[in-house]
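According to my numbering, the stretch in the sequence shown is residues 375 to 484, in order. Yeah, the Cβ is synthetic: ideal placement off N, Cα and C, and Gly gets one too.
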Amino acid sequence: MKRVLAVVPTHLFGYPADVARLRKLNRDPGVTIVEDAAQAMGETREERKVGTLGDVSFFSLGRGKAFSVVEGGVVLTDRDDFAEGLNRFVSRLPRYGLLPLLNVIFKAAA
375 MKRVLAVVPT
385 HLFGYPADVA
395 RLRKLNRDPG
405 VTIVEDAAQA
415 MGETREERKV
425 GTLGDVSFFS
435 LGRGKAFSVV
445 EGGVVLTDRD
455 DFAEGLNRFV
465 SRLPRYGLLP
475 LLNVIFKAAA
């Protein structure tokens, strides 16, 4: 039997997923809960904000999202090991040059 590495609850149409129930159903404490929280930004479940219920969460901010910056996103975690890995990954990404930046500006204007 293969081991589950992560479960990705998706908060759709402003309705938060039941992350606490997923944790209870999961028998392996090593499974990571990754929230897809873009469609429920600002919502709460059990007095906690969506995006703070799992081990890590992301909010995509591309075109068509409720809150858009044309492209990009936000990643949240309160786990130091994840934060360190994310920082290492992001530090190796190429920086935007003038032409890609102009492309984003033109996409925003379209």
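The beta carbon of residue 411 sits closer than 6 Å to the beta carbons of 385, 424, 425, 431 and 433 from its chain, once the five residues preceding and following it are set aside; these are given in chain order.
Residue 453 holds the alpha-carbon nearest to the alpha-carbon of residue 429 among 446, 453, 443 and 399. Note: residue 432 is bridge-paired with 410 and 449 in the DSSP secondary-structure output. Taking 8 Å as the cut-off, the Cβ atoms of residue 383 and residue 419 do not count as close. Residue 377 and residue 461 have their C-alpha atoms spaced approximately 27 Å apart. Secondary structure note for residue 473: its alpha helix (DSSP H) is the uninterrupted segment 472-483. For residue 394, the closest alpha carbon among the candidates 403, 445 and 459 is that of 403.
For residue 464, the enclosing alpha helix (DSSP H) stretches over residues 454-465.
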